[in-house]
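Taken in sequence, the protein lines are chains A and B. Those letters in the first sequence? Residues 52 to 183, by our numbering. Those letters in the second sequence? Residues 52 to 183, by our numbering. Using N, Cα and C, we set each Cβ at its ideal position, and we do this for glycine too. On a predicted model such as this, the values are computed, not experimentally measured, just so you know. Below: the structure, in structure tokens.
There are 2 protein chains.
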Amino acid sequence: MTSQSDVRAAVEAGGRDFSAAIARGDAAAVAAVYTSAAQVFPPNQDIVTGRAAIQQFYQGLIRAGVKGVPLTTREVEAQGDTAYEVGTYRVTGDGNKVLDSGKYVVVWKREDGKWKMHRDIWNSNLPPPKPQ
Amino acid sequence: MTSQSDVRAAVEAGGRDFSAAIARGDAAAVAAVYTSAAQVFPPNQDIVTGRAAIQQFYQGLIRAGVKGVPLTTREVEAQGDTAYEVGTYRVTGDGNKVLDSGKYVVVWKREDGKWKMHRDIWNSNLPPPKPQ
Numbered sequence: 052m053t054s055q056s057d058v059r060a061a062v063e064a065g066g067r068d069f070s071a072a073i074a075r076g077d078a079a080a081v082a083a084v085y086t087s088a089a090q091v092f093p094p095n096q097d098i099v100t101g102r103a104a105i106q107q108f109y110q111g112l113i114r115a116g117v118k119g120v121p122l123t124t125r126e127v128e129a130q131g132d133t134a135y136e137v138g139t140y141r142v143t144g145d146g147n148k149v150l151d152s153g154k155y156v157v158v159w160k161r162e163d164g165k166w167k168m169h170r171d172i173w174n175s176n177l178p179p180p181k182p183q
Numbered sequence: 052m053t054s055q056s057d058v059r060a061a062v063e064a065g066g067r068d069f070s071a072a073i074a075r076g077d078a079a080a081v082a083a084v085y086t087s088a089a090q091v092f093p094p095n096q097d098i099v100t101g102r103a104a105i106q107q108f109y110q111g112l113i114r115a116g117v118k119g120v121p122l123t124t125r126e127v128e129a130q131g132d133t134a135y136e137v138g139t140y141r142v143t144g145d146g147n148k149v150l151d152s153g154k155y156v157v158v159w160k161r162e163d164g165k166w167k168m169h170r171d172i173w174n175s176n177l178p179p180p181k182p183q
């Protein structure tokens with residue numbers, strides 16, 4: 052039996068792995084934090100399915116100048132090998148400039164004994180860019 | 052024991068209740084589809100916590116001209132009294148005009164024997180409005 056606090060610790064550690072991989076520009080290591088059948092739901096585009104596509108998505112963010120995505124876990128609740136997390140994020144660029152901040156919900160799954168992100172969706176707290 | 056397909060049917064029925072309540076402009080009935088401690092995570096604003104605030108949020112959408120939010124369930128997976136759903140939505144206005152379309156993840160909880168939305172987050176598939 053794994054306790055709720057064990058799962059929370061594993062989820063927070065997974066989030067730190069994610070953020071560290073972004074910070075060193077390693078999209079493959081970012082994708083490795085996801086399950087093999089993971090889906091990512093980025094704002095303003097279609098669903099991204101599977102690790103290869105997820106790696107490509109994060110490669111694009113890194114290429115576009117994203118230098119950091121620090122995460123703050125607010126809630127984790129586990130049932131068996133599935134857990135959901137609620138948290139807040141920031142996206143930073145050069146000189147630690149905050150490019151975006153918002154909230155996310157991630158469904159985590161234990162795959163091969165390790166907790167990984169399985170469904171990952173977020174959106175911004177910032178006002179939308181003003182239309183022309 | 053409730054089967055996965057029973058939970059999926061309950062989740063889809065809950066989604067239909069949600070959409071029907073929006074369509075008749077009844078924000079209280081929309082809020083009643085959520086658990087008492089629910090959180091809603093709308094794009095471009097802060098987290099909305101609790102049924103009273105959720106009712107106010109949907110009242111605002113209805114007042115702003117939202118006439119329908121049809122949902123399409125793509126995936127439901129239950130563990131005990133918790134389930135997650137992945138789906139797609141449209142937001143329609145007058146004359147069935149599509150104002151937005153995108154995807155969502157909802158964590159459902161069985162509360163007082165009924166499946167209700169507990170954590171609800173979505174984002175648009177449409178490109179962001181162009182900045183000036």
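Spatial neighbours of residue i in its chain, beta-carbon cut-off 6 Å, leaving aside the 5 residues before and after
i, result
"V157 (chain A)", "E136, M168, D171"
"N176 (chain B)", "S152, G153"
Sequence-distant residues of the same chain with beta carbon closer than 8 Å to residue i, five excluded per side
i, result
"V117 (chain B)", "I73, V142, T143, G144, L150"
"F69 (chain B)", "V81, V84, V120, L122, M168"
"L106 (chain B)", "Rather than Leu, the amino acid found at residue 106 (chain B) in this sequence is Gln. Cβ neighbours of Q106 (chain B) beyond the five flanking positions: A78, A79, V81, A82."
Opening and closing residue of the beta strand (DSSP E) in which residue i lies
i, result
"R125 (chain A)", "122 to 130"
Separation of residue j from residue i, as counted between CA atoms
i, j, result
"P94 (chain B)", "V91 (chain A)", "16 Å"
"N147 (chain B)", "G119 (chain B)", "8 Å"
"S54 (chain A)", "V127 (chain B)", "24 Å"
"P179 (chain B)", "A78 (chain A)", "24 Å"
"Y140 (chain B)", "R75 (chain A)", "36 Å"
"I98 (chain B)", "D97 (chain A)", "23 Å"
"A115 (chain B)", "G164 (chain A)", "48 Å"
"Q130 (chain A)", "T124 (chain B)", "22 Å"
"W166 (chain B)", "A71 (chain B)", "17 Å"
"A134 (chain B)", "R59 (chain B)", "9 Å"
"S56 (chain B)", "L112 (chain B)", "32 Å"
"F108 (chain A)", "R67 (chain B)", "33 Å"
"A64 (chain B)", "G65 (chain A)", "35 Å"
"K181 (chain B)", "G138 (chain A)", "28 Å"
"R110 (chain A)", "V62 (chain B)", "Note that residue 110 (chain A) corresponds to Gln in the displayed sequence, not to Arg. Roughly 35 Å between the two C-alpha positions."
Contact set for residue i: own chain, Cβ-Cβ below 7 Å, skip 5 residues either direction
i, result
"D132 (chain A)", "K160, R161"
"W173 (chain B)", "Y140, G153, K154, Y155"
Residue-level contact to chain C via CB, residue i, 8 Å cutoff
i, result
"P121 (chain A)", "Annotation note: the requested chain C is absent from the structure, which comprises protein chains A and B."
Inter-stretch contact at 8 Å, needing at least 3 Cβ pairs: the segment 98 to 108 of chain A / the segment 79 to 90 of chain A: At 8 Å Cβ cutoff, the stretches touch.
Minimum length 3: unbroken beta strand (DSSP E) runs contained in the segment 59 to 90 of chain B: Within the segment 59 to 90 of chain B, no complete beta strand (DSSP E) run reaches 3 residues.
4-residue-minimum alpha helix (DSSP H) runs that sit fully inside the segment 100 to 183 of chain A, ordered along the chain: Counting only runs that start and end inside the segment 100 to 183 of chain A, the alpha helix (DSSP H) elements of at least 4 residues fall at 102 to 114.
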